[in-house]
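Visitor: Count along the sequence shown starting at 1, add 78, and that's the number in my numbering.
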Amino acid sequence: MTNKPTNCLLGGALGDSLGYPVEFSSYREIQQNNPSGITFINFSEPVLISDDTQMSLFTASALLISDNYLTNLWDCYQDWLETQWKTDKQSMTHKPVSKLVDFQELFNSREPGRTCLMTLAQQKPGNLQHPINNSKGCGGIMRVAPIGFIDEDENIIAQLGAESSALTHG
79 MTNKPTNCLL
89 GGALGDSLGY
99 PVEFSSYREI
109 QQNNPSGITF
119 INFSEPVLIS
129 DDTQMSLFTA
139 SALLISDNYL
149 TNLWDCYQDW
159 LETQWKTDKQ
169 SMTHKPVSKL
179 VDFQELFNSR
189 EPGRTCLMTL
199 AQQKPGNLQH
209 PINNSKGCGG
219 IMRVAPIGFI
229 DEDENIIAQL
239 GAESSALTHG
């Protein structure tokens, strides 16, 4: 594969699928259940991903819609929020903008962060000038990798990374 954005998302998703089953386990529990370490993904059954990969996918989806990046990000994150609470596209309470809602597999709550859930549910985005909360969580950084692949100046990319995180995290 030579498509860097695809490789980035796939690598992140595979790493996430290794870590997701033990994300909330103690070191002792991980050692007891995986004495040789976490070294294998069983591809003969569905691979589970966390909300981190889900939100990265919705970030990528937003960037493909148009150059109105921040609006698209917020709208796609609203779509993601519905995948955490609803069972399918037909049960969504708003008209989705992301084509990802066509994938039933994404309608599955994967231990989403409280800050993302609460901020998105309030339907009021934060920004760098007016933080929406004082969260110090990682929910902003875990989803921004796709922003590095947009065809913009690196300063714009850095600014958008910060602004996209500020939508939900102070």
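The C-beta atom is built at its ideal place from N, Cα and C for all residues, glycine as well.
Small disclaimer: the values here were computed from a predicted structure and weren't measured.
1) If you measure between the beta carbons of phenylalanine 185 and threonine 161, is that distance less than 7 angstroms?
2) Taking the alpha-carbon of proline 99 as reference, which of Ile143, Ser128 and Glu232 has the nearest alpha-carbon?
3) Could you spell out the range, first to last residue, of the alpha helix (DSSP H) harbouring asparagine 205?
4) Have a look at threonine 117 and histidine 208 and give me their C-alpha separation to the nearest angstrom.
5) Is tyrosine 147 buried or exposed, if buried means 16 or more other CB atoms sit within 10 Å of its CB?
6) Using 8 angstroms as the threshold, is the stretch 225-235 in touch with the stretch 191-199, meaning 3 or more CB pairs across them?
7) With distances taken from CA atoms, which of Ala138, Gln110 and Lys173 is nearest isoleucine 228?
8) Would you decide whether isoleucine 119 is buried or exposed? Buried here means 16 or more other CB atoms lie within 10 Å of its CB.
9) Starting from arginine 106, trace the alpha helix (DSSP H) in both directions and tell me its first and last residue.
10) Let me check understanding here. Comparing Cα to Cα, which of Ala244, Gln201 and Gly204 lies closest to valine 222?
11) By Cβ distance below 8 angstroms, which residues in the same chain neighbour lysine 82 in space, the five residues on each side in sequence not counted?
12) According to the neighbour-count rule (16 or more other Cβ atoms, all chains shown, within 10 Å of its Cβ), is aspartate 153 buried or exposed?
13) Residues in its own chain within less than 6 angstroms of asparagine 205 by CB, not counting five upstream and five downstream?
14) Would glutamate 183 be called buried (16 or more neighbouring beta carbons within 10 Å of its own) or exposed?
Guide: The short version:
1) yes
2) Ser128
3) Asparagine 205 -> no alpha helix (DSSP H), and no H or E assigned at all.
4) 43 angstroms
5) buried
6) no
7) Ala138
8) exposed
9) 105-111
10) Ala244
11) Phe227
12) buried
13) Ala244
14) exposed
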